[in-house]
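One rule links them: number in the numbering used here = place in the sequence shown (from 1) + 1127.
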Amino acid sequence: MSTRHTTSAAAAQLQTTPDRDPLYDPADVEAAIRRASNSDRVVPLLEGNWQESSRDYDSAEQAGRALIFDLAWWCDYRYSQVRRMAREAGLGQLFSGEEIDDIIDDAWEEQDDSYAYPVW
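Put into structure tokens, the structure is as follows:
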């Protein structure tokens, strides 16, 4: 984790943020996702077949956001790695790099400083 210092009117506080460098090989991440207990929900999203997921999504954007949440957790919140895997899954047509980063930030906040699996 990298550390970022921010200052507020009250006092300076220490805030941790996700690292930006890749940690895992994309093939290893995909293999782990395929073995996971929720693979029937995530794998179709990874393959671009969001309608075949075990969870009902209203749109490709909603499914894409859910996939980015999943990838963020599996890639230990590494921005560049999540961005790369999201683009490989075809999400570059739905989200810009900055939007993907914002979703990663949302997933990180949802995780709430624990290693609980963030669900969107």
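We put the CB at the ideal spot given by N, CA and C, even for glycine.
In this structure, the alpha-carbon of W1200 lies about 13 Å from that of N1165. Between the alpha carbons of R1161 and D1185 lies a gap of roughly 23 Å. For the 8 Å CB-CB criterion, Y1204 and D1228 do not form a contact. The beta carbons of A1216 and G1175 sit closer together than 8 Å. E1236 counts as exposed, since fewer than 16 other C-beta atoms from the protein chains shown sit within 10 angstroms of its C-beta.
Distance check between A1190 and each of L1198, W1177, Q1238 and V1170 places W1177 closest, using alpha-carbon atoms only. Relative to D1167, the option among E1226, D1155 and D1183 whose CA is nearest is D1183. The DSSP-derived three-state label of L1218 is helix.
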